[in-house]
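One line per chain: the protein sequences are A and B, in this order. With the numbering used here applied, the first sequence covers 324 to 504. With the numbering used here applied, the second sequence covers 22 to 85. No residue lacks a Cβ here, since even glycine has one placed at the ideal position from N, Cα and C.
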Amino acid sequence: ELKMSGPQPLQEEVYDMSGARLALTLCVTKAREGSGADMDALKRMFHQLRFESTMKTDPTAQQFLEELEKFQQVIENWEEPVSCAFVVLMAHGEEGLLKGEDEQMVKLEDLFEILNNKNCRALRGKPKVYIIQACRGEHRDLGETIGGDEVAMITKDDLQTIPTYTDTLHIYSTVEGYISY
Amino acid sequence: RHDQKGSSFIQILTDVFINKKGSISELLIEVTRRMAKTEVIQEGTPRKVNPEIQSTLRKQVYLQ
């Protein structure tokens, strides 16, 4: 007899985080006031979360690439298994680009490639987290007044605007640059 | 970016990652929620800024 069954709960799988956690922060501070406070906050976070953290300030465009390549070598040669890597990139930027201390641009895609599953064996199948604090264009968001169902939730103390882009999940069938079968 | 306090993105993200427990996906939703509430004043005009998360993770990440 065929029985109709309802949706089943997801079986949660988690990454093994028992190995080493490594972090690299590259930060352009030139004409970026306040970036020191961001680096201090990241230092605290990486310490609290038991990361081996390396921080470099004011890399040129070329040095962004070189420091990522050095980091890749550190990961590959780490004595114990590596569980995950964080990379924090902070600079002025445009869509897909970061500006080095020398005002030259480096492609984010070229940086991401260095630690992908093809180029970094030690991180194959391990979580790689990129945190990018940079502009991605010139648009400024003034926000939109909250309407619809949200109206009822507004109280005197709440802000009455919401960013233009929220509550959206981007689900692509393939990563950028690759064929979708 | 505040010239002494830093960027709202990094400050909120580090606060959430240090002080909240949950999967990284859940933590990032909290970061987005808090940033959506935050108004940044630029040249006297309130602005909004919030992160965009693109993920190809296959499992949950727990940092705590």
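Query                                                                                                                                                                                                : Result
For Val37 of chain B, does the count of other Cβ atoms within 10 angstroms reach 16, so buried, or fall short, so exposed?                                                                           : buried
If contact is defined by three or more beta carbon pairs under 8 Å, each pair taking one atom from either stretch, is the segment 382–389 of chain A in contact with the segment 421–439 of chain A? : yes
If distances are taken between C-alpha atoms only, which option among A:Cys407, A:Leu333, A:Lys441, A:Gly460 comes closest to Tyr453 of chain A?                                                     : A:Cys407
So what's Lys80 of chain B in DSSP terms, helix, strand or just coil?                                                                                                                                : coil
Can you look up Met327 of chain A in the DSSP assignment and give me helix, strand or coil?                                                                                                          : coil
Phe30 of chain B: buried (16+ other C-beta within 10 angstroms of its C-beta) or exposed?                                                                                                            : buried
Is the shortest distance between the beta-carbon of Tyr501 of chain A and the beta-carbons of chain B less than 7 Å?                                                                                 : no
Reducing DSSP to helix, strand and coil, say where Arg68 of chain B ends up.                                                                                                                         : strand
If you follow the beta strand (DSSP E) that Val299 of chain A is part of, which residue opens it and which one closes it?                                                                            : Since the displayed chain A opens at 324 and closes at 504, residue 299 of chain A lies outside it and no answer follows.
Tell me where the alpha helix (DSSP H) around Val397 of chain A begins and ends.                                                                                                                     : 384–399
Distance check for Pro72 of chain B and Val337 of chain A, CA to CA, integer angstroms please.                                                                                                       : 24 Å
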